[in-house]
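*Asks:* Per my numbering, the sequence shown starts with residue 1323, numbered consecutively.
Dropping a structure here in structure tokens format, bear with me for questions.
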Amino acid sequence: MLMTFMSRYNDVGGYWGLGVLRLEMDRLELNRVEFDLLDPKAEFPGRCEPIGDWSRGRFFRQLVAHSVTPSELYAASITITLEEGEFLEKLAGGRGDPMTCAVRCVDNHEKEFLARRWCMCAPHDPLLELKRGRVI
């Protein structure tokens, strides 16, 4: 799920979903956003709804593919955090700032599954980015 969320194929209107999310995080002055993947009524900050809906849909498709029912899970979320620190700044290369993306699932037996990766991501800028030809 984590790699699907971070993928360049995670499109929002033909643009990279993570960059669009980062733009919205900057607009709302947020350094952390969390999407509840199980609650269909969960609200998303600002204009993040398309990203949250896309993520939830992908998550449920992956549950089906792995023969897991939503009722087997107590919690599931994606958290995106802008990171700070001298170490990360030294690693930073290219465009954007360091951020961490994490997917967390907890089953009904309280067993936790956590996947976390960091990446570099700049806010979406249509002047610098090409729109994907096939909008999903």
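Think of the CB as a built atom: it goes at the ideal place given N, C-alpha and C, for glycine as much as any other residue.
1) Please work out which residues of its chain come closer than 7 Å, Cβ to Cβ, to Ile1458, disregarding the five sequence neighbours upstream and downstream, and give them in chain order.
2) Taking the beta carbon of Ala1398 as the centre, do at least 16 other beta carbons fall within 10 Å, making it buried, or is it exposed?
3) Met1442 to Pro1420, Cα distance in whole Å?
4) In this structure, how does DSSP classify Arg1369 when only helix, strand and coil are distinguished?
5) Please report the straight-line C-alpha distance between Phe1357 and Phe1366, rounded to a whole angstrom.
6) Could you tell me whether the Cβ atoms of Cys1370 and Leu1340 are closer together than 8 Å?
7) Thr1326 to Thr1391, Cα distance in whole Å?
8) Counting along the chain, where does the beta strand (DSSP E) carrying Glu1405 start and finish?
9) Does Pro1420 come out as helix, strand or coil in the three-state DSSP assignment?
10) I'd like to check one pair, Glu1405 with Trp1376: are the Cβ atoms closer than 8 Å?
11) Near Tyr1396, which residues of its chain fall below 6 Å by C-beta distance, leaving aside the five closest residues on each side in sequence?
12) Check whether the Cβ atoms of Gly1368 and Arg1349 lie closer than 8 Å to each other.
*Replies:* Checking against the coordinates, here is how it stands:
1) Its pLDDT being 48, under 50, Ile1458 is placed unreliably in this model, and the coordinates cannot settle the point.
2) Label assigned to Ala1398: buried.
3) Each residue's CA atom was taken as its position, placing Met1442 and Pro1420 some 5 Å apart.
4) Coil, per DSSP.
5) If I take the Cα positions, the gap works out to 7 Å.
6) No, the Cβ-Cβ distance between Cys1370 and Leu1340 is not below 8 Å.
7) Straight-line measurement puts the Cα of Thr1391 at about 19 Å from the Cα of Thr1326.
8) Where Glu1405 is concerned, there is no enclosing beta strand (DSSP E), given that its DSSP letter is neither H nor E.
9) Strand, per DSSP.
10) In terms of Cβ geometry, Trp1376 and Glu1405 do not form a close pair [threshold 8 Å].
11) Sequence-distant Cβ neighbours of Tyr1396 in its own chain, meaning closer than 6 Å and more than five residues away, are Val1428 and Asn1430.
12) Going by C-beta atoms, Gly1368 is nearer than 8 Å to Arg1349.
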